[in-house]
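Visitor:
In the working numbering, the protein residues as written are 297 to 371.
See the structure below:
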């Protein structure tokens, strides 16, 4: 595996923690965030649990919701 892929995977491992921290910081429920993304609460829970990764459109919606860059979601 190339070092670029390792870096990408390491950043993706941080995503669930970052999503949960941002949601709590803003005082949002998983239900509320799911509604903003147009997905089910179960689908959003899977993001925070690290089971699935958001689609690019949902990454963008999350960044806008929390007023952060896409990079900030992964760092």
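Note that beta-carbon positions come from the ideal geometry of N, C-alpha and C, so glycine has one too.
With a CB to CB cut of under 7 Å and the five nearest residues on each side skipped, what residues in its chain are close to residue 336?
Guide: Mapped onto the chain shown, residue 336 falls at position 40. Within the same chain, residue 336 has close Cβ partners 330.
Visitor: Could you give the DSSP three-state label for residue 328: helix, strand or coil?
Guide: Position 32 of the chain shown, counting from 1, holds the residue named residue 328. Correct three-state label for residue 328: helix.
Visitor: Work out the CA separation of residue 310 and residue 343 for me, nearest whole Å.
Guide: For the purposes of this step, residue 343 is taken as the residue at position 47 of the chain shown. For the purposes of this step, residue 310 is taken as the residue at position 14 of the chain shown. Using only the alpha carbons, I get a separation of about 11 Å.
Visitor: Rounded C-beta distance between residue 340 and residue 326? I'm assuming under 8 Å.
Guide: Within the chain shown, residue 340 is the residue found at index 44, counting from 1. Within the chain shown, residue 326 is the residue found at index 30, counting from 1. With 8 Å as the limit, residue 340 and residue 326 qualify as a contact, their Cβ atoms being about 5 Å apart.
Visitor: Could you check whether residue 361 and residue 332 sit closer than 8 Å to each other, using their CB atoms as the reference points?
Guide: Here residue 332 is taken as the residue at index 36 of the chain shown, counted from 1. Here residue 361 is taken as the residue at index 65 of the chain shown, counted from 1. Yes.
Visitor: Following the continuous alpha helix (DSSP H) through residue 359, name the residue where it begins and the one where it ends.
Guide: Residue mapping note: residue 359 aligns to position 63 of the chain shown, counting from 1. Looking at the DSSP string, the run of the alpha helix (DSSP H) that includes residue 359 is 352 to 362.
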